[in-house]
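Visitor: At position 221 of the sequence shown the residue is numbered 221 (this note's numbering), and the sequence of numbers has no breaks.
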Amino acid sequence: MPTSRGPTAPEPPVWFLSHGAPTALYERDGVAGFWASLPGRLVAPPRALLCVSAHWCTAHPAIAGAGARPGVLHDFAGFAPALYEEDWAAGGDDACLEALAQALAAAGIPYERVPHRPYDHGVWVPLKAAWLEPPMPVLQLSVCPPRDGAFHLALGRALRPLRGAGWLLVASGGIVHNLAALRWDAPEAAPEPWAEAFVHAVEAALAAGDLEALAEPRALPGGRRAHPSVEHYLPLLVAAGAAGGPMAALYRGWRHGSLALHAYGTDAVR
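1) Identify whether Met1 lies in helix, strand or coil by the three-state DSSP scheme.
2) Assuming Leu49 contacts Leu168 under a Cβ cut-off of 8 Å, what Cβ separation, rounded to an integer in Å, is found between them?
3) Entirely within the region 150-203 and at least 4 residues each: give me those alpha helix (DSSP H) ranges in chain order.
4) Hey, Leu287 and Arg252: beta-carbon distance below 9 Å or not?
5) What is the rounded straight-line gap between the Cα of Pro70 and the Cα of Pro46?
6) Alpha carbon to alpha carbon, what distance is there between Ala219 and Leu132?
7) By DSSP, does His55 sit in helix, in strand, or in coil?
8) Phe276 and Ala21: beta carbons closer than 9 Å?
9) Does Glu192 pass the burial test, meaning 16 or more other C-beta atoms within 10 Å, or should it be called exposed?
10) Pull up the distance between the alpha-carbon of Ala205 and that of Leu214, whole angstroms please.
11) With respect to the beta strand (DSSP E) encompassing Trp15, which residues constitute its N-terminal and C-terminal limits?
12) Please work out which residues of its chain come closer than 7 Å, Cβ to Cβ, to Gly166, disregarding the five sequence neighbours upstream and downstream, and give them in chain order.
13) Near Gly30, which residues of its chain fall below 7 Å by C-beta distance, leaving aside the five closest residues on each side in sequence?
14) Just to confirm, are Ala171 and Trp35 a CB contact at a threshold of 9 Å?
15) Are there 16 or more other CB atoms within 10 angstroms of the CB of Pro2, so buried, or fewer, so exposed?
16) In the DSSP assignment, what are the bridge partners of Leu139?
17) In the DSSP assignment, find the alpha helix (DSSP H) that holds Leu211 and state where it starts and stops.
18) Would you decide whether Glu231 is buried or exposed? Buried here means 16 or more other CB atoms lie within 10 Å of its CB.
19) What are the boundary residues of the alpha helix (DSSP H) that includes Gly223?
20) What number of angstroms, rounded off, separates the C-alpha of Gly92 from the C-alpha of Arg225?
21) Just confirm the distance between the C-beta atoms of Val238 and Gly156, as a whole number of angstroms; I'd bet it's less than 8 Å.
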């Protein structure tokens with residue numbers, strides 16, 4: 001697949017999606033309804049979609065997305081049987097996988113190819129709600145929890161040429177992710193003050209393009225409680241690095257007191 005775009009083709013946005021639990025796929029009156037609206041935000045069809053998921057963690061960057069449909073991973077436990085029957089009619093593209101590899105190599109970032117890795121639920125849950133049968137190749141990039149925030153910002157910057165070639169970049173994680181703090185008995189509970197404080201600090205940094213502040217989430221108000229582990233935050237850093245400028249809220253939604261289903265995009269900046 002070609003990786004250049006016409007002179008008048010618009011550059012696709014960068015999106016960060018908080019994917020929540022797998023059951024979010026069925027919340028058509030909530031976040032899944034928002035996900036379903038995402039294709040309508042695009043001015044032109046993207047040449048490819050690259051998703052960076054919190055549920056693919058590696059020591060060094062890994063990429064996936066060869067031509068065949070890889071299927072999905074049901075990488076969760078304890079949910080209704082219907083979720084384990086879900087599949088997704090998405091596939092990759094060999095030429096696009098090579099373009100992704102070249103972008104990382106050009107930035108001096110070593111990587112590993114895992115060509116036929118199935119899509120984890122951080123990828124297929126939100127993106128199936130958006131595209132039941134994606135018209136574009138869908139590729140994957142891992143996050144690397146052993147590496148710091150600055151590394152993930154640099155990883156995002158390495159992807160900017162792909163965006164310029166018409167690729168849609170989607171990062172899937174969680175703006176707040178502390179399962180132990182969730183109020184499971186109160187799905188409609190008001191947001192916890194510490195969670196709101198963290199989100200407000202992140203949104204201020206995104207609006208200002210303050211990558212230095214974003215790179216140290218645990219230095220932000222409520223940061224240590226918002227992210228006891230960092231894997232769900234790291235996709236946001238990749239998105240911020242790829243954005244090359246401010247991002248703003250596309251959607252906000254709270255569940256269980258501290259589960260933030262917020263989404264951010266370059267196309268929300270006014």
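Note that CB positions come from ideal geometry on N, CA and C, so glycine has one too.
Guide: So, to answer that:
1) For Met1, the predicted model reports a pLDDT of 39, less than 50, meaning its position is unreliable; a value from the coordinates is still stated below. Of the three classes helix, strand and coil, the one that applies to Met1 here is coil, per DSSP.
2) 5 Å
3) Taking only runs of at least 4 residues, the alpha helix (DSSP H) segments lying wholly in the region 150-203 are 160-164.
4) The shown model of the chain, from 1 to 270, leaves out residue 287, and the question about it has no answer.
5) 20 Å
6) 39 Å
7) strand
8) Residue numbering for the chain in the displayed model covers 1 to 270; residue 276 lies beyond these limits and cannot be assessed.
9) buried
10) 6 Å
11) Going by DSSP, Trp15 is part of the beta strand (DSSP E) stretching over Val14 to Ser18.
12) Arg5, Ala9, Pro12, Pro46 and Arg47
13) Gly253
14) no
15) Note that Pro2 scores 38 on pLDDT, short of 50, meaning its location in the model is unreliable; the coordinates nonetheless yield the value given after this. Exposed.
16) Leu50
17) Leu211 to Leu214
18) buried
19) Gly223 to Ala226
20) 37 Å
21) 4 Å
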